[in-house]
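Taking our numbering, the leading residue of the sequence shown gets 16, the next gets one more, and so forth.
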Amino acid sequence: MSAPLSGTSTPRETGSAWRHLVALVRLRCPRCHRGRLFHGWFAMSDPCPVCGLIFQREEGYFLGAMYVSYLLGGLLLGAGYYLGTSLLPRWHDHLILLGLFVLYLPLTPVLFRYSRAVWIYFDRWVCPGDASAGAFEKVQAGKRDAQARPASPGTSERP
Ligand SMILES: [Zn+2]
16 MSAPLSGTST PRETGSAWRH LVALVRLRCP RCHRGRLFHG WFAMSDPCPV
66 CGLIFQREEG YFLGAMYVSY LLGGLLLGAG YYLGTSLLPR WHDHLILLGL
116 FVLYLPLTPV LFRYSRAVWI YFDRWVCPGD ASAGAFEKVQ AGKRDAQARP
166 ASPGTSERP
């Protein structure tokens, strides 16, 4: 039996659906609900600065977030188009679409962040433990653990 990855499975993500939803809206870690997922507009805090959960489980992991982004963008633009054509029936469709495009552009960073957050929460809900931990996640956990270990005296500090 292999040793569990530190910081990836214990303690298991717990809490009510409401707590998870609030943490998702606040862009917090799906396990501890305290660590921030992002430390900039686009830069992720990986692993979680509080509990050490590795967010990116494998290379290309956030490809799934693109599907979430597509879905969220479609919902937003579809609702905007419906509202635009309902509230401004005399406007040409192209003008409404241009207005939606202008309004949508500043939301792109927000959509990026929530797409990744929704993807992480969905993935952790579907595959919560180490069973789905790939080689990439194990390497990342090893690097994190090596950085956390204090350097022994007499050894050089070469990377
Ligand atoms: Zn955390």
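By construction, the Cβ of each residue, glycine as well, lies at the ideal position given by its N, Cα and C atoms.
Query: Got a sec: does ligand 1 put a non-hydrogen atom nearer than 8 Å to the Cβ of Arg-49?; Result: yes
Query: Starting from the C-beta of Leu-87, find all residues in its chain whose C-beta is less than 7 Å away, skip the five residues before and the five after it, and write them out in chain order.; Result: Leu-126, Tyr-129 and Ser-130
Query: Mind checking Trp-56: buried by the 16 CB within 10 Å criterion, or exposed?; Result: exposed
Query: Count the other CB atoms within 10 Å of the CB of Val-141; is the residue buried (16 or more) or exposed (fewer)?; Result: exposed
Query: Could you check where the alpha helix (DSSP H) with Leu-91 kicks off and where it finishes?; Result: 78-102
Query: Expressed to the nearest angstrom, what Euclidean distance is found between the alpha-carbon atoms of Leu-42 and Arg-159?; Result: 22 Å
Query: Taking the continuous alpha helix (DSSP H) assigned at Asp-12, which residues delimit it?; Result: Since the first residue of the chain shown is 16 and the last is 174, residue 12 is not available in this structure.
Query: Around the Cβ of Gln-162, are there at least 16 other Cβ atoms within 10 angstroms (buried) or fewer (exposed)?; Result: exposed
Query: Determine the extent of the alpha helix (DSSP H) in which Ala-38 is found, giving its start and end residues.; Result: 32-40
Query: Hey, out of Gly-75, Gly-114, Leu-78 and Trp-106, whose CA is closest to Leu-92's CA?; Result: Gly-114
Query: In this structure, does DSSP put Phe-53 in helix, strand or coil?; Result: strand
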